[in-house]
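Residue numbers (this note's numbering): 516 to 691.
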C-alpha cells in the first residue's frame, strides 16, 4: 500500500511505560532488497506498487531503488510484469483488449520514499496492518528516505498510484 503523503512513525507505549515504534523504517541494501518484494533486473531493484484497493491484480505503478534514467525504469517495469504476471507487454494489463486506447507512456520521476514495516518486529500489536509494508513519499531531508525512481503503469489511471507530480510541487523532479 502507498501512503498518500509524508510519513509519520507511530509510537506505542508498552505495559511498563516504555515507548517503542509501532513501525520500523526499512533502508535498502543490495542483499536485502529481494527479501522485501523487489526483483533484481540488470542491477536494478524494482517493485510494483498498488493503489490500496482490494481489487488490484496488477501494479498501478513501479518504484526502482535509486535515481535512474526513464528508459531504465521502463525496462525494469516490463521485467517486473514478465516475472510476476507472465506478461511481456508493459502497456496493457493481462486480459485487456489491445484495441482499447490507453494513455501515452508516463514519465518517471526522481523522488524519495520511506518503506515502513508494521509493526516493529519486536512489538506486535495484532492489528490489520501486522506484518505489512507501506510506502510514504518523503522529501530528501526527512529521516530515513530512500532515493527512488517511480513511474505510473501506462494502463493505470493517472491518479491511481499517487506518485508525486513535479508539476504540482511534490518532492520530485522528472527523470530524463
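No residue lacks a Cβ here, since even glycine has one placed at the ideal position from N, Cα and C. In this text, all values refer to a predicted model and were calculated from it rather than measured experimentally.
Item                                                                                                                         : Value
Residue 681 (DSSP reduced to helix, strand or coil)                                                                          : helix
Rounded Cβ spacing between residue 680 and residue 653 (contact assumed at less than 8 Å)                                    : Not really, about 15 Å apart at Cβ, beyond 8 Å.
Per-residue DSSP class, three states only, for residue 585                                                                   : helix
8 Å Cβ cutoff met for residue 588 and residue 630                                                                            : no
Neighbourhood of residue 585 by C-beta distance below 7 Å, restricted to the same chain and skipping five residues each side : 622, 623, 690 and 691
Pair within 8 Å by beta-carbon distance, residue 605 and residue 583                                                         : no
Short Cβ contact (8 Å threshold) for residue 529 with residue 666                                                            : no
Residue 670, DSSP secondary structure in three states                                                                        : coil
Spatially closest choice to residue 562 from 674, 668 and 686, by CA coordinates                                             : 668
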